[in-house]
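Chains as they are written, first to last, in the working numbering: chain A, 176 to 362; chain B, 176 to 362; chain C, 176 to 362; chain D, 176 to 362.
Notes follow once the structure below has been shown.
Number of protein chains: 4
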Amino acid sequence: MADRSLSFVAMLGSLRKGSLNRVVANALPALAPEGVKITALPSIGDLPHYDADIQAEGFPPLVRQLGDAIKGADGVIIVTPEYNYSVPGVLKNAIDWVSRLPDTPFAGKPVDIMSASPSILGGARAQYHLRQSMVFLDALVLNKPEIIITFAAQKLDIEKSKISDDATRDIVTKNLEAFAAFARKHG
Amino acid sequence: MADRSLSFVAMLGSLRKGSLNRVVANALPALAPEGVKITALPSIGDLPHYDADIQAEGFPPLVRQLGDAIKGADGVIIVTPEYNYSVPGVLKNAIDWVSRLPDTPFAGKPVDIMSASPSILGGARAQYHLRQSMVFLDALVLNKPEIIITFAAQKLDIEKSKISDDATRDIVTKNLEAFAAFARKHG
Amino acid sequence: MADRSLSFVAMLGSLRKGSLNRVVANALPALAPEGVKITALPSIGDLPHYDADIQAEGFPPLVRQLGDAIKGADGVIIVTPEYNYSVPGVLKNAIDWVSRLPDTPFAGKPVDIMSASPSILGGARAQYHLRQSMVFLDALVLNKPEIIITFAAQKLDIEKSKISDDATRDIVTKNLEAFAAFARKHG
Amino acid sequence: MADRSLSFVAMLGSLRKGSLNRVVANALPALAPEGVKITALPSIGDLPHYDADIQAEGFPPLVRQLGDAIKGADGVIIVTPEYNYSVPGVLKNAIDWVSRLPDTPFAGKPVDIMSASPSILGGARAQYHLRQSMVFLDALVLNKPEIIITFAAQKLDIEKSKISDDATRDIVTKNLEAFAAFARKHG
Numbered sequence: 176m177a178d179r180s181l182s183f184v185a186m187l188g189s190l191r192k193g194s195l196n197r198v199v200a201n202a203l204p205a206l207a208p209e210g211v212k213i214t215a216l217p218s219i220g221d222l223p224h225y226d227a228d229i230q231a232e233g234f235p236p237l238v239r240q241l242g243d244a245i246k247g248a249d250g251v252i253i254v255t256p257e258y259n260y261s262v263p264g265v266l267k268n269a270i271d272w273v274s275r276l277p278d279t280p281f282a283g284k285p286v287d288i289m290s291a292s293p294s295i296l297g298g299a300r301a302q303y304h305l306r307q308s309m310v311f312l313d314a315l316v317l318n319k320p321e322i323i324i325t326f327a328a329q330k331l332d333i334e335k336s337k338i339s340d341d342a343t344r345d346i347v348t349k350n351l352e353a354f355a356a357f358a359r360k361h362g
Numbered sequence: 176m177a178d179r180s181l182s183f184v185a186m187l188g189s190l191r192k193g194s195l196n197r198v199v200a201n202a203l204p205a206l207a208p209e210g211v212k213i214t215a216l217p218s219i220g221d222l223p224h225y226d227a228d229i230q231a232e233g234f235p236p237l238v239r240q241l242g243d244a245i246k247g248a249d250g251v252i253i254v255t256p257e258y259n260y261s262v263p264g265v266l267k268n269a270i271d272w273v274s275r276l277p278d279t280p281f282a283g284k285p286v287d288i289m290s291a292s293p294s295i296l297g298g299a300r301a302q303y304h305l306r307q308s309m310v311f312l313d314a315l316v317l318n319k320p321e322i323i324i325t326f327a328a329q330k331l332d333i334e335k336s337k338i339s340d341d342a343t344r345d346i347v348t349k350n351l352e353a354f355a356a357f358a359r360k361h362g
Numbered sequence: 176m177a178d179r180s181l182s183f184v185a186m187l188g189s190l191r192k193g194s195l196n197r198v199v200a201n202a203l204p205a206l207a208p209e210g211v212k213i214t215a216l217p218s219i220g221d222l223p224h225y226d227a228d229i230q231a232e233g234f235p236p237l238v239r240q241l242g243d244a245i246k247g248a249d250g251v252i253i254v255t256p257e258y259n260y261s262v263p264g265v266l267k268n269a270i271d272w273v274s275r276l277p278d279t280p281f282a283g284k285p286v287d288i289m290s291a292s293p294s295i296l297g298g299a300r301a302q303y304h305l306r307q308s309m310v311f312l313d314a315l316v317l318n319k320p321e322i323i324i325t326f327a328a329q330k331l332d333i334e335k336s337k338i339s340d341d342a343t344r345d346i347v348t349k350n351l352e353a354f355a356a357f358a359r360k361h362g
Numbered sequence: 176m177a178d179r180s181l182s183f184v185a186m187l188g189s190l191r192k193g194s195l196n197r198v199v200a201n202a203l204p205a206l207a208p209e210g211v212k213i214t215a216l217p218s219i220g221d222l223p224h225y226d227a228d229i230q231a232e233g234f235p236p237l238v239r240q241l242g243d244a245i246k247g248a249d250g251v252i253i254v255t256p257e258y259n260y261s262v263p264g265v266l267k268n269a270i271d272w273v274s275r276l277p278d279t280p281f282a283g284k285p286v287d288i289m290s291a292s293p294s295i296l297g298g299a300r301a302q303y304h305l306r307q308s309m310v311f312l313d314a315l316v317l318n319k320p321e322i323i324i325t326f327a328a329q330k331l332d333i334e335k336s337k338i339s340d341d342a343t344r345d346i347v348t349k350n351l352e353a354f355a356a357f358a359r360k361h362g
């Protein structure tokens, strides 16, 4: 029997047009295993800052849109830079909004985390903080292989939005295969 | 010789009008030791999401205003809720912006962290993530006494913006004394 | 069809005879759902400190014994105090040893974490550090309900090795039910 | 006026004879700035596992010896590998023991953390966990420059117990200068 086809959504933690992490996110669909579709979520930059007073008047439409897309997906791939040794505020804000939705889109949802950074640790510190948030959200986060792209400026082709380093493209491909298997088993 | 007078600024991590942490922040000036002035920073809710493309066109005036106030202060008190077992996105976003200023307002700056939450852990998880960001910013964070206000709805008077619980008011007062001594020694 | 019966092993992070966490660990078998057996692992206090030079001469028999028991179990319940805002050295040492075994006993293994402490945060900080180790070990850690027993001296009966507080006994019971379901689904 | 001379002690987190971190620790005295002496602490491998029942009968002599040496030093340099994405159990155990001493040797003590690892993240994850323990111990931990030696097997000469990579030796030298200034200012 063929593997069940899967649909993943990708959330990008950076707003910058020339973002290294945007390159990674853009490269994912072409690296996905057969039967796996990866779609970008709408930009999280259009969300207001989380404010319970705004929530009390009704969730912004974009929050519901993000929540529905996550709820309907077989898994969420978060691709993010690290800011100040942690999760970017703008990404955390998106999670803060989605977490308040009554249908808890992240609950039981397979999640895959990737980070790229021009420096030595490749955004790893942001990933462990994000994993802690996922405990509260009751998501199921893939353990391995971790995608921590150090010195990313030398491994990514920003112009072509591709992963130019073979070893990096390889490990990302393996991660997507592992995530597909993980989502099929645990999702 | 009298102690050197000190001027602290307080940054609030919640936007909600009825926020428990707003009550704590509002209560601080009256609990400060003699010679210590505590002023609220402008709301971080008016910042755009951090975006390097915006930064490239010039820092928003509010970022510079926050940076100057922090740079000029003898210490920064951060009062924040915990969202999803970590720092609220809106607070992290403010830090992400300020961290990019060329004059590095947080470098060598004494920092004091407080959190309140209606639930069992009082926002403690957010504090340790925030401390990790402060390593990168090269700030000096007070260790003790930690202000972790659990079950805060029963300890705060939202109407009067006061700390109604004696033990809580006491420990916050002691924290401010410790922070003043810390800022005088290490700032 | 009846649920598949399960066999869990419990690892205790404290050596002290009158340990609060020992009370919790001892109370588990009687609170387990039908069809679930919980057995204590041998004391981790008899392990040497991890030393790669010792390993090079052969794993101590107790390491193999722990590894085999974990490998053969349907899940591992770790019950631990928090020391210095993190995992006790003695518990981490046991994990350090087991992690070196060639058959990777924790890989894909359902894990449940509980902590008790006489103070305000109930050992929560140790739990999040332990969860980070479990990422490397590729274990599957239950998210909810978290068992964080604050002010544990008032909720446990050390003499009778029982959980005397109703609400605590209740949440531990619910946790074991959730862990059984989790192990059946993901193990 | 000449700088005050300083005496630091170094604590090693690995027991292995050929440990990469042992090479780093051994290399420190020769890289210390003028007026700064660095002495190795006794091996932490000879401590028993922390057990409150042992403590109740009296601290082991080695615990007191470690505590006295730390208490008497102007700063503590911890050099450690990372095991399972966190602090080695054996190192944490030493800290767990010392933390119980009534004279709190780490309180107000300048602390410097270094890690080396053969792999991509250089032990960084252990450092942030260790920093969290230092909050409880009320130590003052140097922020920068962080010493995270990635791919350490290529940068260290195990035979000669020296740092063979120029850039690594340079940053360690700068770290020791920064730590001396930090200890003089904050100790």
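All C-beta atoms in this analysis are idealised placements derived from N, C-alpha and C, irrespective of residue type, glycine included.
### Task
Please confirm if residue 285 of chain A has its CB atom under 8 angstroms from at least one CB of chain B.
no
### Query
Which residues in the same chain as residue 207 of chain D place their Cβ atom closer than 6 angstroms to its Cβ, once the five residues preceding and following it in sequence are excluded?
213 and 351
### Beta-carbon separation (whole angstroms), residue 215 of chain C vs residue 248 of chain C, contact threshold 8 angstroms
Their Cβ separation, rounded to whole angstroms, is 12 angstroms, which puts residue 215 of chain C and residue 248 of chain C out of contact at 8 angstroms.
### Task
Mark residue 278 of chain B as exposed unless 16 or more other C-beta atoms lie within 10 angstroms of its C-beta, in which case mark it buried.
exposed
### Query
Nearest CA to the CA of residue 205 of chain B: which residue from B:359, B:356, B:354 and B:347?
B:347
### Task
Measure from the alpha carbon of residue 237 of chain C to the alpha carbon of each residue in C:217, C:194, C:329 and C:261, then state which is nearest.
C:217
### Query
Alpha carbon to alpha carbon, what distance is there between residue 286 of chain C and residue 338 of chain C?
21 angstroms
### Query
Taking the alpha-carbon positions, what's the residue 196 of chain D to residue 259 of chain D distance?
16 angstroms
### Query
Whose CA, out of D:333, D:309 and D:257, lies closest to the CA of residue 297 of chain D?
D:257
### Task
Could you confirm whether any beta carbon from chain D is found closer than 8 angstroms to the beta carbon of residue 255 of chain A?
no
### Task
Just the chain A side, please: which residues come within less than 9 angstroms of residue 195 of chain D by C-beta, in chain order?
None at all; the shortest Cβ gap to chain A is about 17 angstroms.
#### Entry: Beta-carbon proximity list for residue 273 of chain A, same chain, < 8 angstroms, skipping 5 on both sides
238, 241, 242, 245, 280 and 281
### Query
Is residue 301 of chain C closer than 8 angstroms to residue 255 of chain C when the C-beta atoms are compared?
yes
### Message
Quick check: the Cα distance between residue 292 of chain D and residue 190 of chain D, rounded to an integer number of angstroms?
### Response
14 angstroms
### residue 355 of chain C versus C:317, C:235, C:227 and C:192, residue with shortest Cα-Cα distance
C:317
### Backbone secondary structure at residue 247 of chain D - three-state DSSP
helix
### Query
Would residue 294 of chain A be called buried (16 or more neighbouring beta carbons within 10 Å of its own) or exposed?
exposed
### Task
Could you tell me the boundaries of the beta strand (DSSP E) in which residue 212 of chain A lies?
211–215
### Query
How long is the line joining the alpha carbons of residue 276 of chain A and residue 276 of chain B, rounded to whole angstroms?
35 angstroms
### Task
Name, going along the chain, the residues of the stretch 285–313 of chain C whose beta-carbon falls closer than 9 angstroms to a beta-carbon of chain D.
300, 304, 305, 307, 308, 309, 310, 311 and 312
### Task
At 9 angstroms on the CB atoms, spell out the chain B contacts of residue 361 of chain D, in chain order.
315, 360 and 361
### Query
Assuming residue 264 of chain C and residue 313 of chain D make a contact with CB atoms under 8 angstroms, what is their CB distance in whole Å?
No, residue 264 of chain C and residue 313 of chain D are not in contact; Cβ-Cβ is about 19 angstroms, not under 8 angstroms.
### Message
Tell me which residues of the stretch 254–275 of chain C have at least one Cβ-Cβ distance to chain D shorter than 8 angstroms, keeping chain order.
### Response
258, 259, 260, 261, 262, 263, 264, 265, 266, 267, 268, 269, 270, 271 and 274
### Query
What's the gap between the Cα of residue 179 of chain B and the Cα of residue 349 of chain B?
18 angstroms
### Task
Measure the alpha-carbon distance for residue 333 of chain C versus residue 327 of chain D and round it to whole angstroms.
48 angstroms
### Query
Checking contacts by CB at 8 angstroms: is residue 318 of chain B closer than that to chain D?
yes
### Task
Answer with buried or exposed for residue 231 of chain B, where buried requires no fewer than 16 other C-beta atoms within 10 angstroms of its C-beta.
exposed
#### Entry: the stretch 340–356 of chain C: positions lying closer than 9 angstroms to chain B by Cβ
none
### Message
So, for residue 329 of chain B: in the same chain, excluding its five sequence neighbours on each side, which residues have a beta-carbon less than 8 angstroms away from its beta-carbon?
### Response
340
### Query
So residue 304 of chain A and residue 262 of chain A are in contact, right, with Cβ under 8 angstroms, and what is the actual spacing, rounded?
5 angstroms
### Message
Would you say residue 323 of chain C lies against chain B (beta-carbon separation less than 8 angstroms)?
### Response
yes
### Query
From the beta carbon of residue 242 of chain B, is the nearest beta carbon of chain A less than 8 angstroms away?
no
### Query
With a CB to CB cut of under 8 angstroms and the five nearest residues on each side skipped, what residues in its chain are close to residue 220 of chain B?
190 and 265
### Query
Skipping 5 residues on each side, what residues in its chain have a beta carbon closer than 6 angstroms to that of residue 335 of chain C?
none
### Query
Taking just the CA atoms, how far does residue 323 of chain C sit from residue 345 of chain C?
13 angstroms
### Message
For a cutoff of 8 angstroms on Cβ pairs, would you count residue 278 of chain A as touching chain B?
### Response
no
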